[in-house]
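So, in structure tokens, the structure goes:
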């Protein structure tokens, strides 16, 4: 019975670390693409996915720690990048004060316009 749980844990770790490896490969590939060292993102992403599946199958506990560390890393990057977005600045579209941040109002306006344009385009077909 223990053997079944071990294989399930290895499979789950392999799947999660494959996704994490793909994300890390995307980040590395974007840096390589920006530096002009590669022409495509496919090889770094595939290499990250392959490394993830091998690490998850061979060392599932370490792979799970890597997945958790990558999630914390990405949340840190997104929170640092969103600080400038979350700052309330004067908006030419929405005058006056509101309890919601400007970026929420802009996201709502964009979503509403996108829905209307999509509805119109679907009606034309």
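In the numbering used here, the protein residues as written are 1 to 125. Note that the Cβ used here is the ideal one computed from N, Cα and C, for glycine as well. Keep in mind the model is a prediction, meaning the values are calculated, not measured.
Item                                                                                                                                        : Value
Buried or exposed for residue 1, going by 16 or more other Cβ atoms inside 10 Å?                                                            : Low confidence applies to residue 1: its pLDDT is 48, below 50, so where it sits in the model is not reliable enough to give any reading.
Taking the alpha carbon of residue 25 as the reference point, which residue from 46, 65, 14 and 35 has its own alpha carbon closest?        : 46
Could you give the distance in angstroms between the alpha-carbon of residue 29 and the alpha-carbon of residue 79?                         : 22 angstroms
Count the other CB atoms within 10 Å of the CB of residue 70; is the residue buried (16 or more) or exposed (fewer)?                        : buried
Residue 67: buried (16+ other C-beta within 10 angstroms of its C-beta) or exposed?                                                         : buried
Report the rounded CA-to-CA distance for residue 36 versus residue 27, giving the unit in angstroms.                                        : 14 angstroms
For residue 8 and residue 15, what's the separation of their Cα atoms in angstroms?                                                         : 11 angstroms
Closest by CA to residue 58, which one among 18, 105, 39 and 77?                                                                            : 18
For my contact list, residue 55 and residue 62 are in at a C-beta cut-off of 8 angstroms; report their separation, rounded to the angstrom. : 7 angstroms
Rounding to the nearest angstrom, what Cα-Cα distance links residue 60 and residue 34 in this structure?                                    : 33 angstroms
For residue 42, report the span of its alpha helix (DSSP H) as first-last.                                                                  : 42 to 58
DSSP state of residue 37, grouped into three classes?                                                                                       : coil
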